[in-house]
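Sequential numbering of the sequence shown, starting at -3, is according to the working numbering.
Below is one structure, written out as structure tokens, with a few remarks after it.
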Amino acid sequence: MVQFFKSIKEGFKDFLTFNFAERRGIMVLVGLILLTESVSALLPVFIKHQPVDMTAFEQEIKQFEAALHAPDTLMEKKKSTYPAEKQYPKRTPYKKKAFAERPPMMIEINTADSLQLLKLYGIGPSYAGRILKYRGMLGGFFSIDQLLEVYGMDSIRFEGILKNIQVDASLLKCLDINEAAFKTLLHHPYLDYETVKSICNYREYTGPITCPDTLRKVIAYDPMFEKVKHYIGYRVSNNE
């Protein structure tokens, strides 16, 4: 038992005792602490803090505050530089000149030549030639709508020229229904072979056609008669 307590005492003694290396380390640590404290205490003695000169900064602040309360010199300068509105002479209001509206170009299609037709919107040499050829076959136009019968004429092109054309129906060339030859009648666009044959037979076997009502009966087709009646004359020879 005595030996047991002795061993505990020896162990406790060893725990509280520092060896050479540990003692050396403690000495170095203590020395560093003392050196640090000495430098902190002696540093203010050797380094003197010079006060910062705030005079220039304070002067700038005073100038800035003075500028804030100063009058708006820029606006005053502007007012003095640019004259007031009243100093300028008043401009007279611009008066738009009135021009007489030019009437649209009008072309009479029963007398127009190819050069005049070329002035119409959408009408080139080809269409101008077709219009003149069809006009010659008919004997003239009694209505503007007849232009739609020209080969290739569509409604869009027709609407484009409608406001620039007019028709004088008094210029139509009429066929003498009682004197015109078979081929002459057949050449007219509104008369077909059977109708021309009926007209010639009536003239030969019944007599001259003297009025529109007789022609209507001979043609026996109202839509054809309503078109061709504008081109028919009823002159009767004295020899009949």
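Ideal Cβ placement from N, Cα and C applies to all residues, glycine included.
Terminal residues of the continuous alpha helix (DSSP H) containing Asn15?
First-last for Asn15: undefined, no H or E at that position.
Just mark Gln142 as buried or exposed, buried being the case when its beta carbon has 16 or more other beta carbons within 10 Å.
buried
Taking 8 Å as the threshold, find out whether the stretch 203 to 220 comes into contact with the stretch 149 to 162 through three or more Cβ pairs.
no
Going by DSSP, what residue range makes up the alpha helix (DSSP H) through Ser122?
121 to 134
Just the Cα atoms here: how many angstroms apart are Phe271 and Tyr230?
Because residue 271 is not part of the residues shown, which for the chain are -3 to 236, the question remains open.
Check each candidate in Arg20, Val232, Lys169, Thr180 and name the one with the smallest Cα separation from Asn106.
Lys169
Closest to Pro208 by C-alpha separation, out of Gly135, Asp218, Glu200, Tyr201, would be which residue?
Asp218
For Leu171, the three-state DSSP class (helix, strand or coil):
strand
Inter-residue Cα distance where the pair is Asp164 and Tyr186
20 Å
So is Gly118 buried or exposed if we call it buried at 16+ other beta carbons inside 10 Å?
exposed
Quick one, which of Val192, Met220, His183 has its alpha-carbon nearest Lys129's?
His183
Taking its Cβ as the centre, do 16 or more other Cβ atoms sit within 10 Å of Leu111, making it buried, or is it exposed?
exposed
Using a Cβ-Cβ cut-off of 6 Å (strictly less than) and excluding sequence neighbours within five positions of Lys153, which residues of its own chain qualify?
Sequence check: residue 153 is Arg here, not Lys. Cβ neighbours of Arg153 beyond the five flanking positions: Gly118.
Can you look up Ile140 in the DSSP assignment and give me helix, strand or coil?
helix
Does the distance from the CB of Leu134 to the CB of Tyr201 come in under 9 Å?
no
Label Val237 either buried or exposed according to how many other C-beta atoms from any shown protein chain fall within 10 Å of its C-beta, with 16 as the threshold for buried.
A question about residue 237 goes unanswered here, because the residues of the chain that appear run from -3 up to 236.
What are the complete alpha helix (DSSP H) segments, minimum 4 residues, inside the stretch 155 to 211?
178 to 182, 189 to 201
Ile105 - DSSP class collapsed to helix/strand/coil:
coil
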